[in-house]
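**Q**
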Amino acid sequence: MARTTSPRRTTEDLRASALDEARALLIEGGPEQVKARVLAVRMGVSVGTVYNLFGHLDELLFHVGGQVYDELLEIISAAREQARRENLSTTDQLLALGRAYLNFVVDRQDLWSAVLAFNRRGKSQVPVWYLEKQRALFEVLESVIVEAKGHVDSPKHRTLTKALWAAVHGIITISVGPTGLSGTQDEVWAQIDLIVRAVARDLGDA
Numbered sequence: 020m021a022r023t024t025s026p027r028r029t030t031e032d033l034r035a036s037a038l039d040e041a042r043a044l045l046i047e048g049g050p051e052q053v054k055a056r057v058l059a060v061r062m063g064v065s066v067g068t069v070y071n072l073f074g075h076l077d078e079l080l081f082h083v084g085g086q087v088y089d090e091l092l093e094i095i096s097a098a099r100e101q102a103r104r105e106n107l108s109t110t111d112q113l114l115a116l117g118r119a120y121l122n123f124v125v126d127r128q129d130l131w132s133a134v135l136a137f138n139r140r141g142k143s144q145v146p147v148w149y150l151e152k153q154r155a156l157f158e159v160l161e162s163v164i165v166e167a168k169g170h171v172d173s174p175k176h177r178t179l180t181k182a183l184w185a186a187v188h189g190i191i192t193i194s195v196g197p198t199g200l201s202g203t204q205d206e207v208w209a210q211i212d213l214i215v216r217a218v219a220r221d222l223g224d225a
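This is the structure:
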């Protein structure tokens with residue numbers, strides 16, 4: 020009987036496997052759980068192969084974080100487009116973005132907490148492309164404020180955007196962690212709703 024062999028795995032396949040396993044490990048135990056030897060065992064490869072695919076584990080984790088940012092960008096961009104199609108007020112558009120962001124994080128609490136924990140870890144250098152993905156999220160929010168009636172790109176709108184982003188991100192970061200919500204989702208949303216409406220009033224959209 021002829022001996023059958025498994026098809027050779029391509030570099031692309033191995034990288035995808037490494038990303039999937041690293042994501043699973045992040046969910047299971049945070050960035051400290053992502054170790055080359057554990058990855059190698061789960062992927063069925065050598066430790067050397069892991070490092071050939073990604074020069075170091077931080078590089079791998081940046082790519083996982085980048086995937087998560089891309090997923091969030093897709094969701095909040097869809098919320099933004101839906102709000103525009105429905106011709107919602109600036110307030111309601113901002114609330115739609117806040118709701119989409121909160122729902123995304125609540126549905127992925129362990130993963131999101133792990134990505135933030137990795138971001139806080141001391142690193143020699145953050146890739147430019149990673150920062151650009153973070154910036155892309157900010158720009159969706161910024162676009163709503165720029166397009167608010169009577170507003171143009173100005174120092175005021177940039178200040179409002181930064182303040183709103185920091186406030187909503189801060190509320191979600193504090194409220195949603197690996198051990199679960201520090202309150203009900205409705206309680207977290209009430210805080211976001213309060214902040215969004217305050218900013219909208221400053222924009223003249225009471």
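For the sequence shown, counting from 1, position 34 maps to 53 in the working numbering; every step adds exactly one. All C-beta atoms, glycine included, are put in the ideal place defined by N, C-alpha and C.
Which ranges would you report for the beta strand (DSSP E) in the region 28 to 99 if only whole runs of at least 3 residues count?
**A** For the region 28 to 99, not a single whole beta strand (DSSP E) run of length 3 or above is found.
**Q** Below 8 Å CB to CB, which residues in the same chain sit around residue 68 once its five sequence neighbours on both sides are set aside?
**A** Here the set comprises 33, 59, 62.
**Q** Pick out the complete alpha helix (DSSP H) segments inside the region 103 to 134, 4 residues or longer, and give them in chain order.
**A** Entirely contained in the region 103 to 134, the alpha helix (DSSP H) runs reaching 4 residues are, in chain order, 109 to 126.
**Q** Please identify the residue among 41, 49, 42, 105 whose C-alpha is closest to the C-alpha of residue 139.
**A** Among 41, 49, 42, 105, the Cα nearest to that of residue 139 is on 49.
**Q** Out of 218, 39, 153, 54, point me to the one whose CA is closest to residue 180's CA.
**A** Ranking 218, 39, 153, 54 by Cα distance to residue 180 puts 218 first.
**Q** Could you tell me whether the region 150 to 168 touches the region 78 to 93, using the rule of 3 or more Cβ pairs below 8 Å?
**A** Because the criterion of three Cβ pairs below 8 Å is met, the region 150 to 168 and the region 78 to 93 touch.
**Q** According to DSSP, what are the bridge partners of residue 222?
**A** Bridge partners of residue 222: none, in fact.
**Q** DSSP beta-bridge partners for residue 200?
**A** BP columns for residue 200 point to 195.
**Q** Rounded to whole angstroms, what's the CA-CA distance from residue 70 to residue 102? Just pull it up for me.
**A** Their Cα atoms are separated by approximately 44 Å.
**Q** Rank 223, 81, 72 by C-alpha distance to the C-alpha of residue 164 and give the top, closest one.
**A** Of 223, 81, 72, the residue nearest in Cα terms is 223.
**Q** According to the Cβ coordinates, are residue 187 and residue 117 closer than 8 Å?
**A** Yes; because the gap between Cβ atoms is below 8 Å, this pair is in contact.
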